[in-house]
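Undergrad:
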Amino acid sequence: MEKQRSFSIKPTRLWLFSFTISFSLIFFIFFSIWVLNLPLSTRQETHLHFNTSTTTTTSVSLGLRSPFKIQTLSAFHRNYSATQFKKSVLVGTHFSRVENESQVSNISTFEGILEKESQPQSVAYTINSVKNSTIFGNRSTKSETVSGSFLIPTSKDLQIDSTNSSIPTKKQQKNVNITLSKKGEVSSDVVNVVNKKKICDITKGKWVFDDNYPLYTNATCPYIDEGFSCESNGRLDTNYMKWRWQPQDCDIPRFNATQMLERIRGKRLVFVGDSINRNQWESMLCLLRGAIKDPRKVYETRGRRITKEKGNYCFKFVDYQCTVEYYVTHFLVHEGKARIGSKRVQTLRIDTMDKGSSRWRGADILVFNTAHWWSHHKTKAGKNYYQERNQVHPRLDVSTAFEKALTTWASWIDRYVNPSKTQVFFRSSAPSHFSGGQWNTGGHCREASQPIPETYGGEYPEKNMIVEQIIGKMKTPVTFLNITGLSDYRIDGHPSIYGRKLGSSSRGQDCSHWCLPGVPDAWNEILYMHLESKRRKSLAN
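Residue numbers for the sequence shown, in this note's numbering: 114 to 654.
1. DSSP beta-bridge partners for Y426?
2. Is there a Cβ of chain B sitting closer than 8 Å to that of F515, yes or no?
3. Please tell me whether G612 and G340 are closer than 8 Å, where the distance is taken between their beta carbons.
4. Classify K319 as helix, strand or coil using the three-state DSSP reduction.
5. Using the three-state DSSP reduction, which class does M466 fall into: helix, strand or coil?
6. Who are the Cβ neighbours of L629 in its own chain at under 8 Å, not counting the five residues just before and after it?
7. Would you report the Cα separation of D464 and E501, rounded to the nearest angstrom?
8. So R402 is in the alpha helix (DSSP H); what residue range does that whole segment cover?
9. With the cut-off set at 8 Å, would you say W486 and H546 are in Cβ contact?
10. In chain order, what residues of the same chain have a beta carbon less than 8 Å from the beta carbon of I565, not counting five sequence neighbours either side?
11. Under a Cβ-count criterion, where at least 16 other Cβ atoms within 10 Å of its own Cβ denotes burial, should G225 be classed as buried or exposed?
12. Counting C-beta neighbours from all protein chains within 10 Å, is the total for H490 16 or more, i.e. buried, or is it exposed?
13. Is the number of C-beta pairs between the stretch 401 to 414 and the stretch 455 to 469 that are closer than 8 Å three or more?
14. What residue does the beta strand (DSSP E) around L594 start on, and which one ends it?
15. Apart from the five residues just before and just after Q536, which ones in its own chain have a Cβ nearer than 6 Å to its Cβ?
16. Have a look at the DSSP bridge pairing and note the partners of P360.
17. Within 10 Å of its beta-carbon, does W128 have 16 or more other beta-carbons around it, so buried, or fewer, so exposed?
18. Between the alpha carbons of N520 and S512, how many angstroms are there, rounded?
19. What is the DSSP secondary structure of P530, reduced to helix, strand or coil?
20. Short of 7 Å in beta carbon distance, which residues of its chain neighbour E230, apart from the five on each side in sequence? Order them along the chain.
21. Ends of the alpha helix (DSSP H) at L640?
22. What number of angstroms, rounded off, separates the C-alpha of S137 from the C-alpha of M373?
23. From F322 to R357, what distance separates their C-alpha atoms?
24. If I'm right that E638 touches I365 with Cβ under 8 Å, what's the distance once you round it to whole angstroms?
25. Looking at the unbroken alpha helix (DSSP H) that takes in F581, where does it start and where does it end?
26. Taking just the CA atoms, how far does R649 sit from G205?
27. Alpha carbons only, please: which of N325, A635 and R348 is nearest the one belonging to Y610?
28. By the three-class DSSP mapping on this structure, what secondary structure does Y602 have?
29. Sorted by chain position, which residues of the same chain lie with C-beta nearer than 6 Å to K496's C-beta, five sequence neighbours on each side aside?
30. With a threshold of 16 other CB atoms inside 10 Å of the CB of F141, please say whether the residue is buried or exposed.
31. Report yes if the CB atom of W523 is closer than 8 Å to the CB atom of M587, and no otherwise.
32. My guess is that P544 and G571 are in contact by the Cβ rule of under 8 Å, so how many angstroms apart are they, rounded?
33. What is the rounded straight-line gap between the Cα of G469 and the Cα of Y440?
34. My guess is that Q504 and R559 are in contact by the Cβ rule of under 8 Å, so how many angstroms apart are they, rounded?
35. Does the beta-carbon of Y412, which I'm using as the reference point, lie nearer than 7 Å to any heavy atom of the ligand ZN?
36. Using a Cβ-Cβ cut-off of 6 Å (strictly less than) and excluding sequence neighbours within five positions of T436, which residues of its own chain qualify?
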């Protein structure tokens with residue numbers, strides 16, 4: 114009979130087996146505790162939920178990208194319902210560290226654009242996150258930088274279910290509760306909602322003195338022509354350079370030349386219009402040049418020097434392979450001649466685009482204007498001047514002619530501009546400040562050294578209303594840059610007698626154009642704001 118084997122366990126194997134079982138049990142216990150302590154928001158996808166009074170729920174995703182994984186705040190996974198909201202606000206967010214642990218800092222409006230009545234109004238905000246904050250929950254970590262965009266309702270009837278919420282509320286404040294959770298990898302555990310009473314209107318505000326301005330000087334920018342170079346022409350008062358436009362409900366971002374050049378890398382930025390648009394174009398050249406280390410890498414493609422005589426310019430920024438161009442046209446439509454009886458007279462073809470319009474096609478950003486020349490004697494009189502086809506009107510009201518000309522421009526935009534490629538802007542009329550007469554009858558503005566107090570309110574120009582009406586009917590989206598009101602305060606910003614070298618023959622004061630640096634820099638900061646908002650919106654989508 115075969116001998117039966119005995120069963121035994123060696124001490125070494127018993128120790129190894131016991132250690133393995135114990136270690137596994139301990140690991141499982143700690144892992145379970147860690148998982149249970151995680152906030153729910155880190156285990157689900159990021160969404161913003163707005164529940165209306167009906168059974169319909171609007172959900173907007175907020176996609177944030179970052180190489181850093183973080184744990185989002187537990188307070189964010191609460192659901193908040195909003196009822197009866199009709200409009201929404203586009204919020205472009207930028208999250209960064211702040212020093213105050215008990216509040217969110219630097220909440221500022223980034224843009225306020227009035228859309229068509231059938232569309233929601235939108236505005237973008239800059240939001241800074243908090244470091245080690247206890248406002249939104251009990252979890253705190255260091256915050257990294259992250260950008261994103263989301264929609265919040267702005268209806269006056271907006272309601273909130275804030276049960277057990279740790280988000281602070283204030284009277285007369287629109288509170289929006291949000292479900293936030295992870296989508297991709299996020300670099301901050303603090304995301305906040307902006308509660309605004311109304312959409313920010315950048316046309317309402319005041320000029321504030323700011324020693325951080327100007328953003329360039331006459332010495333650093335060679336692109337300012339004599340007519341706008343007031344300091345070089347002998348103006349000793351330099352305070353006109355240091356005023357910054359401050360809207361009453363928000364902030365306009367400071368112009369960032371490097372970021373602007375990145376926005377137009379490989380593109381064409383084109384200004385089209387009269388000498389006021391040349392004013393803005395020269396300002397843009399000076400602003401952008403501040404980011405270029407080697408001045409030889411910025412040049413006019415045909416070697417032209419900027420003067421009042423030559424009307425078309427194209428400056429290339431080699432490092433960014435982009436161009437910043439200007440094309441002169443007083444009216445946007447064609448200036449020509451027609452025969453009336455035995456005479457050939459100058460006419461304005463209000464049914465035909467300017468002959469240089471083919472040069473504007475294909476641009477990535479177009480900035481138009483016209484208004485200044487429509488106030489001259491010939492256009493205001495309208496006698497044997499406005500032409501449609503072969504007919505020269507014996508008399509035509511200037512407002513009617515202006516509307517017809519802008520309709521011609523709008524039709525050209527809708528026909529030749531591709532909105533998926535080109536962003537179109539139309540800048541409103543810039544005010545003149547002549548006292549004691551007009552530009553050719555002894556008008557002056559020499560005495561002005563301070564902006565007009567913000568209590569001043571001039572009449573809104575009829576031409577602006579016409580432009581807005583026409584833009585509202587167009588198929589192609591056009592952004593109206595309304596700079597009229599804010600510029601109207603700046604009676605001190607004109608060249609006056611400093612539009613030419615002191616001692617040169619004087620033919621009157623210039624109270625229409627603007628000194629550089631000066632007011633047109635604010636126009637370009639608003640343009641930059643719109644472009645940045647457009648970029649943020651496209652990234653969010």
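Even for Gly, the Cβ is constructed at its ideal location relative to N, Cα and C.
TA: This is what the structure holds:
1. Y439
2. Among the chains of the structure shown, chain B does not appear; only one protein chain is present.
3. yes
4. strand
5. strand
6. N331, C334, I337, F341, S342, C343, N392, E395, S396 and C399
7. Going from the Cα of D464 to the Cα of E501 covers about 6 Å.
8. According to the DSSP assignment, R402 belongs to the alpha helix (DSSP H) that extends over S388 to R402.
9. With respect to H546, W486 sits apart: the two C-beta atoms are not nearer than 8 Å.
10. D601, Y602, R603 and I604
11. No answer about G225 holds up, because its pLDDT of 39 lies below 50 and its placement is not dependable.
12. exposed
13. no
14. V591 to L594
15. I478
16. G318
17. exposed
18. Here residue 520 is Thr; the residue named in the question, Asn, does not match the sequence. In a straight line, the C-alpha of T520 is about 12 Å away from that of S512.
19. Correcting the residue type first, residue 530 is Val in the shown sequence and not Pro. Here V530 sits in coil by DSSP.
20. For E230, the predicted structure reports a pLDDT of 35, less than 50, and the residue's modelled location is therefore unreliable. The matter cannot be settled from this model.
21. V632 to A653
22. Cα to Cα, the separation comes out at about 57 Å.
23. 6 Å
24. 5 Å
25. The question names Phe, yet the displayed sequence has Glu at residue 581. Run containing E581: E575 to K586, per the alpha helix (DSSP H) assignment.
26. Low confidence applies here, because G205 scores a pLDDT of 35, under 50, leaving its location unreliable; read the following figure in that light. Each residue's alpha carbon lies about 6 Å from the other.
27. In the sequence under discussion, the amino acid at residue 610 is Ile, which differs from the Tyr named in the question. Nearest option by C-alpha distance: R348.
28. coil
29. R508
30. exposed
31. It should be pointed out that residue 523 corresponds to Ala in this sequence rather than to Trp. A Cβ-Cβ contact shorter than 8 Å links A523 with M587.
32. So it is a contact: roughly 7 Å between Cβ atoms.
33. Each residue's alpha carbon lies about 8 Å from the other.
34. 45 Å between Cβ atoms; not a contact.
35. The ligand ZN is absent from the structure shown, which contains no ligand whatsoever.
36. R381, C427 and K429
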